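Q:
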Amino acid sequence: MKIWLSPSCPFNLDSTLCCGQVFTWDKRGDWWYGVVEENVFKIRQVGDELEFENADDGFVKNYFGLLDNLPRIFSQISKDKHIKRAIEKFKGLRILRQDPWECLISYICATYKNIPAIKQMLLNLSKKFGDKSPFDGYSFQTFPTPTRLAKASLKEFVECGLGYRAKYVSETAKKVHEGIFNPGNLKRRNYEKARHELLTLPGVGLKVADCVLLFSIEQLEAFPVDVWIKRVILKHYANHVPTALIRKTSDKKSIAKSEYEKLNLFGRKYFGEYAGYAQEYLYHHERTQSH
DNA sequence: CAAGTGCCTTTATC
DNA sequence: AGATAAAGGCACT
384 MKIWLSPSCP FNLDSTLCCG QVFTWDKRGD WWYGVVEENV FKIRQVGDEL
434 EFENADDGFV KNYFGLLDNL PRIFSQISKD KHIKRAIEKF KGLRILRQDP
484 WECLISYICA TYKNIPAIKQ MLLNLSKKFG DKSPFDGYSF QTFPTPTRLA
534 KASLKEFVEC GLGYRAKYVS ETAKKVHEGI FNPGNLKRRN YEKARHELLT
584 LPGVGLKVAD CVLLFSIEQL EAFPVDVWIK RVILKHYANH VPTALIRKTS
634 DKKSIAKSEY EKLNLFGRKY FGEYAGYAQE YLYHHERTQS H
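Numbering (the numbering used here), first residue to last: 384 to 674.
Here's what the structure looks like:
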């Protein structure tokens, strides 16, 4: 199946899948292969033509954020030359609508890890606990269900390379399996309430909560603050935050909770209701810059 | 090539 | 309240 992208609907498949918001996609030849919930499908982009197999039109449009009005979003977040430069470079990068459960586990695993290592951990989890799902002559696995992860041992998680995150994933999986926590229900809440609920989970702090909200709960105002975004703010937005805060955060590796909240609030106030889009463009721009 | 640093941080403990 | 340390191990330089 195909979708033709109009000029008013910019999309860049490579930027969208390479910017570090999702970790389980795999490019083979010019096709991207992905597993979303129970479904394996492939997709490729040639210019303004988006071609895919084994998925329907509506799903693709929703999952890849093609229903977001990007020109409108750009006009709202283009507050200065730095964000404008990032947008110019990666125009068409979109926020995905990931499966909330997979997104939650992904970002619990992602704490204090680099992206290649995160990909490896999640692949290990899928291979060990997911269901086989062959497609196009390749072997794929679905992301493990809450029930399957709730039954897994800590040792098995450690074997997947999770390290100290093993107990967080285990306890969170148990809560979801037992119905104490339902990631899908977060969509019914507003930003503050959904964030508060996420923070009750072990291994979920402010950063992880904001990532889950942005990448799977359609809270486009969420503004995750990691080391890269901290760097961007120090470099380009120092005059927008108190100098005391800049001094505090500049020479420390990690940031305290209160500092996180201040930087997060800056992002949301400064960029507005689509701050999450601004975050992802700035993040990807900063990470791909050669230093 | 070895060793050091960094990693889309959270939690426990002062 | 606020600072500090500890927690896998992989990837990159």
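For glycine and all other residues, C-beta sits at the position ideal for the given N, C-alpha and C.
Every value quoted in this text rests on a predicted model; they were computed, and no experiment measured them.
1) Please state whether DSSP places ASP593 in a helix, a strand or coil.
2) So for TRP387, helix, strand or coil by DSSP?
3) Within the present structure, is the beta-carbon of PHE512 separated from the nearest heavy atom of the ligand PLP by less than 7 Å?
4) Keeping to the same chain, check which residues put their C-beta closer than 6 Å to that of HIS560; ignore five residues upstream and five downstream.
5) Could you give the DSSP three-state label for ASN445: helix, strand or coil?
6) Going by DSSP, which residues form a beta bridge with LEU433?
7) Which stretch, first to last residue, makes up the alpha helix (DSSP H) that contains TRP484?
8) Write down every uninterrupted run of the alpha helix (DSSP H) in the segment 578 to 646 whose length is 4 residues or greater and which is fully enclosed by it, in chain order.
9) My assumption, with CB atoms under 8 Å, is that LEU665 sits in contact with ILE466. Please give the rounded CB distance.
10) Specify the secondary structure class of ASP440 as computed by DSSP and reduced to three states.
11) Grouping DSSP H, G and I as helix and E and B as strand, with all else coil, what is VAL405?
12) Within the segment 468 to 545, note down every full alpha helix (DSSP H) run reaching 4 residues or more, in order along the chain.
13) Excluding the five sequence neighbours on either side, which residues of its own chain have a C-beta within less than 6 Å of the C-beta of SER461, listed in chain order?
14) Please say whether PHE447 and ASN437 have beta carbons closer to each other than 8 Å?
15) Can you look up LYS462 in the DSSP assignment and give me helix, strand or coil?
16) Using a 10 Å radius around the Cβ and a threshold of 16 neighbouring Cβ atoms, would you call MET384 buried or exposed?
17) Give a yes or no on contact between the segment 585 to 598 and the segment 478 to 492, applying the rule of three or more CB pairs nearer than 8 Å.
18) Taking GLY417 as part of the beta strand (DSSP E), name the residues at either end of that continuous run.
19) Do ILE498 and GLY403 come within 8 Å of each other at the CB atom, strictly closer than that value?
20) Please classify VAL610: is it buried, with 16 or more other beta-carbons within 10 angstroms of its beta-carbon, or exposed?
21) Would you list the residues sitting across from LYS652 in a DSSP beta bridge?
22) To the nearest whole angstrom, what separates the beta carbons of GLY659 and GLU604, a pair I think is in contact under 8 Å?
23) My output table needs one value for ASN422: the three-state DSSP class, helix, strand or coil.
24) Are the CB atoms of PHE473 and HIS667 nearer to each other than 8 Å?
25) ASP413: which of ASN422, VAL419, GLU420 and ASP397 sits nearest, CA to CA?
26) With DSSP run on the structure shown, which of helix, strand or coil describes ARG572?
27) Going by alpha carbons, who is nearest to MET504 out of GLY546, TYR521, ALA535 and GLU663?
A: Working from what's here:
1) helix
2) strand
3) With respect to small molecules bound, the structure shown includes none, and the ligand PLP cannot be examined in it.
4) PRO529, THR530 and ALA533
5) helix
6) ILE386 and GLN428
7) 483 to 493
8) 589 to 599, 610 to 619 and 626 to 633
9) 6 Å
10) helix
11) coil
12) 483 to 493, 498 to 512, 529 to 534 and 537 to 542
13) LYS467
14) no
15) coil
16) exposed
17) yes
18) 414 to 419
19) yes
20) exposed
21) Beta-bridge pairing links LYS652 to no other residue.
22) 6 Å
23) strand
24) yes
25) ASP397
26) coil
27) GLY546
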